[in-house]
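Start counting the sequence shown at 1; every next residue gets the next number (UniProt numbering).
Remarks on the structure that follows.
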Amino acid sequence: MSAESPPASAPILDEESRALVRRSIAAGVVTLDEIKTVVASLMTDDTRFTPQRLADGMQNAGLLTRWQSSKLLAGKSKGFFLGAYKLLRPLGKGGMGMVYLGEHSVMKRQMALKILNSDSSRDERRIQRFQEEARASAQLDHPNIVRAYDFNQSNGKLYIVMEYIDGIDLHQVVARDGVMSIAAAIDAMYQATGGLAHAHERGIIHRDIKPSNLMLRSDGVVKVSDMGLARIGWSEGSGDTGKRRLTGTADFVAPEQALNSHSVDARADIYSLGCTLFFLLTGRPPYKGDTVAQRLAKHQTAPVPDVRKLRPDCPAPLASLLTRMMAKKPADRPPSAVDLIGQFDRIRRSAGLKQKNHQPLAAIASTSDTTDEGQLYQATMDDQSIFNGSDADETWQDSSEFDFSTLPDIGVATTPSAFPRSTSGLSSPPPPRAGLASNNHSSTGSNSNQNQTLMLGMGLAIAVIALMTVLGMAVYTIAKPDAPAAPKIKATESGKEIVIINGG
1 MSAESPPASA PILDEESRAL VRRSIAAGVV TLDEIKTVVA SLMTDDTRFT
51 PQRLADGMQN AGLLTRWQSS KLLAGKSKGF FLGAYKLLRP LGKGGMGMVY
101 LGEHSVMKRQ MALKILNSDS SRDERRIQRF QEEARASAQL DHPNIVRAYD
151 FNQSNGKLYI VMEYIDGIDL HQVVARDGVM SIAAAIDAMY QATGGLAHAH
201 ERGIIHRDIK PSNLMLRSDG VVKVSDMGLA RIGWSEGSGD TGKRRLTGTA
251 DFVAPEQALN SHSVDARADI YSLGCTLFFL LTGRPPYKGD TVAQRLAKHQ
301 TAPVPDVRKL RPDCPAPLAS LLTRMMAKKP ADRPPSAVDL IGQFDRIRRS
351 AGLKQKNHQP LAAIASTSDT TDEGQLYQAT MDDQSIFNGS DADETWQDSS
401 EFDFSTLPDI GVATTPSAFP RSTSGLSSPP PPRAGLASNN HSSTGSNSNQ
451 NQTLMLGMGL AIAVIALMTV LGMAVYTIAK PDAPAAPKIK ATESGKEIVI
501 INGG
């Protein structure tokens, strides 16, 4: 009697790895079947699993983003969903909350979700400011302004659903690459001014124009973002301090805005745009100072610095326009964003730049971003703006289902790759889950195999018929008797002897 073959090795998951599985399922980002598929695909390498190896496998299979993986490994099981959106990763952090990249659970569309943090959610003035931002954004529909689509609330959390910009802001561009080329800076200003003109025509003043609020999309399109200070102005300090807080950023704020933000008009945004242009061309703000008060004072009294001392290649018309944009008195600046667009357009044409050619900016945006996201990821580990309660592991009700002794059969067509993929970043949607991909591949593979079998049978039948025909013709040719040769008679020269020669 032959001996039975030994059973295949079962995966070995320590308690920490099993805790990671519990958290992943409790978080709702993966299913047990998907985890089993990943485990099975990794079994060919090693049967022992650690939390990091298992998390890397799920990430490489497209089931988790790097941020989700880091959060689960940090012991978190909450804060992965907000309303109908699954949170993929943080995009930025502001004074009032975080901005996350989210994917709609049904439409699979990626959006930027700006979430009001817990402290701000308890402050009526900040809630009002957040609502003002949503209302202001809802009035704007322009290709150079980040669009807002929805204002919603989930589990007591207020958030704005905004257009997701696949790119980086202009402050990050300068920090990463250094100063901009003249062509790129002119194009960025031309586009941003177009967006501001649209807002100003609707009575909306941005009040916080700066490089970090100008987003550069991967195709070279610039979009004005963060309407959070639009129409807001000064706000009273909390408690009994009665202090007024400045809206805007000290390095880019207009002199009149530092004195009274309520009364400013569109020319305050033009001043801030001039400071932004100076930064793009030189890599530094126009005025230096150790404190905010020192920098604000220089905006009030110091002469406008000559950009050509730092950028000798700056065309004189552009340097002159920048100086007028940063004039201390609003009356000395270009009167409107529409007028400013015309002036930038003349400079563009004199420099030989095409109106809708964003190649210089597109080349900048396409450069791989090496910004370290570690600090931003760490800042979200305990972000209370998106979840309540503790992160204790959920109790697994049916221990029999939490069994890795039986794993799915893994085929080449149905295995989600648990090894690193050649993708850059996390801006694109995750691939379909392994279970869905397996069903589709299985059905497609079955139909393909049936078609191939039918075609192969037909080909063999034709080949056999052809072979039999050739063999039959060969046999007939060999067996056929030779036809009698026609004799040829030739007389000798003597005329007496006759020689018979068979014709061939």
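Even for Gly, the Cβ is constructed at its ideal location relative to N, Cα and C.
| task | Look up E103 in the DSSP assignment and say whether it is helix, strand or coil. | result | As a working note, residue 103 is residue 103 in the sequence shown. DSSP places E103 in strand when its eight states are reduced to three.
| task | Answer yes or no: do H206 and A197 have a C-beta to C-beta separation smaller than 8 Å? | result | The count along the sequence shown starts at 1 and reaches residue 206 at position 206. The count along the sequence shown starts at 1 and reaches residue 197 at position 197. Contact: no.
| field | Terminal residues of the alpha helix (DSSP H) in which M189 lies | value | Within the sequence shown, residue 189 is the residue found at index 189, counting from 1. Run containing M189: 182-201, per the alpha helix (DSSP H) assignment.
| query | Among S272, T291, Y159, which residue has its Cα nearest to the Cα of V304? | reply | Within the sequence shown, numbered from 1, the residue matching residue 304 stands at position 304. It is S272.
| field | Residues of its chain near R333, where Cβ-Cβ distance is below 7 Å and the 5 sequence neighbours each way are ignored | value | Position 333 of the sequence shown, counted from the first residue, corresponds to residue 333. R267, I270, Y271, R324, M325, A327.
| query | From the DSSP output, which residues share a beta bridge with N152? | reply | Numbered from its first residue, the sequence shown carries residue 152 at position 152. N152 pairs with Y159.
| said: Would Y85 and L63 qualify as a contact pair, given that the criterion is a beta-carbon distance under 8 Å? | reply: The residue you call residue 85 lines up with position 85 of the sequence shown. The residue you call residue 63 lines up with position 63 of the sequence shown. Contact: no.
| Three-state secondary structure assigned by DSSP to L32 | For this step, residue 32 is matched to residue 32 along the sequence shown. L32 falls in the helix class under three-state DSSP.
| Backbone secondary structure at V39 - three-state DSSP | What you label residue 39 is simply residue 39 of the sequence shown in a count that begins at 1. V39: helix per DSSP, three-state reduction.
| Endpoints, the alpha helix (DSSP H) within which Q300 is located | Locating residue 300 in the sequence shown gives position 300, counting from the first residue. It spans 292-301 - the alpha helix (DSSP H) in which Q300 sits, taken as one unbroken run.
| field | C-beta contact flag for L353 and D177 at 8 Å | value | Taking the sequence shown and counting its residues from 1, the one referred to as residue 353 is at position 353. Taking the sequence shown and counting its residues from 1, the one referred to as residue 177 is at position 177. Result no, Cβ atoms of L353 and D177 do not sit closer than 8 Å.
| request: State the Cα-Cα distance for the pair D306 and P312, rounded to the nearest angstrom. | output: Residue 306 sits at position 306 when you count from the first residue of the sequence shown. Residue 312 sits at position 312 when you count from the first residue of the sequence shown. Those two C-alpha atoms are separated by around 10 Å.
| said: I need the straight-line Cα distance from N144 to L54, nearest angstrom please. | reply: If you number the sequence shown from 1, residue 144 lands on position 144. If you number the sequence shown from 1, residue 54 lands on position 54. In a straight line, the C-alpha of N144 is about 42 Å away from that of L54.
| request: Evaluate L42 with the Cβ neighbour count: other Cβ atoms within 10 Å of its Cβ, from every protein chain shown; 16 or more gives buried, anything less gives exposed. | output: Residue numbering aside, residue 42 sits at position 42 when the sequence shown is read from its first letter. The residue in question, L42, is buried, as its Cβ has 16 or more Cβ neighbours within 10 Å.
| said: Considering only the alpha carbon of each residue, which of T193, Y287, T282 lies closest to A337? | reply: Looking up residue 337 in the sequence shown gives position 337. The residue with the shortest Cα to Cα distance from A337 is T193.
| request: Go ahead and pull the three-state DSSP assignment for K309. | output: Stepping through the sequence shown from its first residue, residue 309 is reached at position 309. Of the three classes helix, strand and coil, the one that applies to K309 here is helix, per DSSP.
| Cutoff 7 Å; reference R18; Cβ partners in own chain excluding five residues on either side | Taking the sequence shown and counting its residues from 1, the one referred to as residue 18 is at position 18. So the list is empty, once near-sequence residues are dropped.
| request: Please say whether H358 and V174 have beta carbons closer to each other than 8 Å? | output: To locate residue 174, count along the sequence shown from 1; it is residue 174. To locate residue 358, count along the sequence shown from 1; it is residue 358. In this structure, H358 does not lie closer than 8 Å to V174 by Cβ.
| said: When you measure from the CB of L101 to every non-hydrogen atom of the ligand NAD, does any distance come out below 7 Å? | reply: As presented, the structure is devoid of all ligands, the ligand NAD included, so that no description of it is given.
| Mapping DSSP to helix, strand and coil, what is R89? | Stepping through the sequence shown from its first residue, residue 89 is reached at position 89. It is a strand residue.
| message | Tell me the residue span of the beta strand (DSSP E) that contains G167. | response | On the sequence shown, residue 167 is found 167 positions in, with the first residue counted as 1. Note, G167: beta strand (DSSP E), 167-169.
| message | I'd like to confirm the pairing. Which residues does DSSP put opposite I12 in its beta bridges? | response | Against the sequence shown, residue 12 aligns to sequence position 12. Answer by DSSP bridge pairing, in chain order: R48.
| Can you give the beta carbon distance from V224 to G195, rounded, assuming they're within the 8 Å contact cut? | Taking the sequence shown and counting its residues from 1, one reaches residue 224 at position 224. Taking the sequence shown and counting its residues from 1, one reaches residue 195 at position 195. Contact holds; Cβ gap of about 4 Å.
| task | Can you say whether N213 is buried or exposed, counting buried as having 16 or more other CB atoms within 10 angstroms of its CB? | result | Walking along the sequence shown from the start, residue 213 turns up at place 213. The residue is buried, with at least 16 neighbouring Cβ atoms inside 10 Å.
| request: Helix, strand or coil for L64, going by three-state DSSP, please let me know. | output: Position 64 of the sequence shown holds residue 64. Of the three classes helix, strand and coil, the one that applies to L64 here is coil, per DSSP.
| query | If you count every other CB in all the chains shown that lies within 10 Å of the CB of K108, and 16 or more means buried, which is it? | reply | Indexing the sequence shown from 1 puts residue 108 at position 108. K108 is exposed by the Cβ-count criterion.
| Taking the DSSP output, what are the residues bridged to L214? | The residue labelled residue 214 in the question sits at position 214 within the sequence shown. Paired residue(s): V224.
| What does DSSP give as the partner residues of F81 in its beta bridges? | Taking the first residue of the sequence shown as 1, we reach residue 81 at position 81. The partner list for F81 (beta bridge, DSSP) reads K86.
| field | CB-CB length for T282 against V179, believed under 8 Å | value | Counting from one through the sequence shown, the residue named residue 282 turns up at place 282. Counting from one through the sequence shown, the residue named residue 179 turns up at place 179. Confirmed, Cβ separation roughly 6 Å.
| query | In the structure shown, what three-state DSSP assignment does Q139 receive? | reply | Reading the sequence shown from its first residue, position 139 is the one you call residue 139. The answer is coil: DSSP assigns Q139 none of H, G, I, E or B.
| D45, buried or exposed, once every other Cβ within 10 Å from all chains shown has been counted against 16 | In the sequence shown, residue 45 corresponds to position 45, counting from 1. D45 is exposed by the Cβ-count criterion.
| request: With distances taken Cα to Cα, identify the nearest neighbour of R129 among L101, A138, M96, I347. | output: By one-based count along the sequence shown, residue 129 stands at place 129. Ranking L101, A138, M96, I347 by Cα distance to R129 puts M96 first.
| Does the separation of the CB atoms of R126 and S118 fall below 8 Å? | As a working mapping, residue 126 is identified with position 126 in the sequence shown. As a working mapping, residue 118 is identified with position 118 in the sequence shown. Going by C-beta atoms, R126 is not nearer than 8 Å to S118.
| task | With a 10 Å radius around its C-beta and 16 neighbouring C-beta atoms as the bar for buried, classify D208 as buried or exposed. | result | The residue you call residue 208 lines up with position 208 of the sequence shown. Buried, since its Cβ has 16 or more Cβ neighbours within 10 Å.
| Contact set for Q52: own chain, Cβ-Cβ below 8 Å, skip 5 residues either direction | For the purposes of this step, residue 52 is taken as the residue at position 52 of the sequence shown. Correct list, in chain order: L73.
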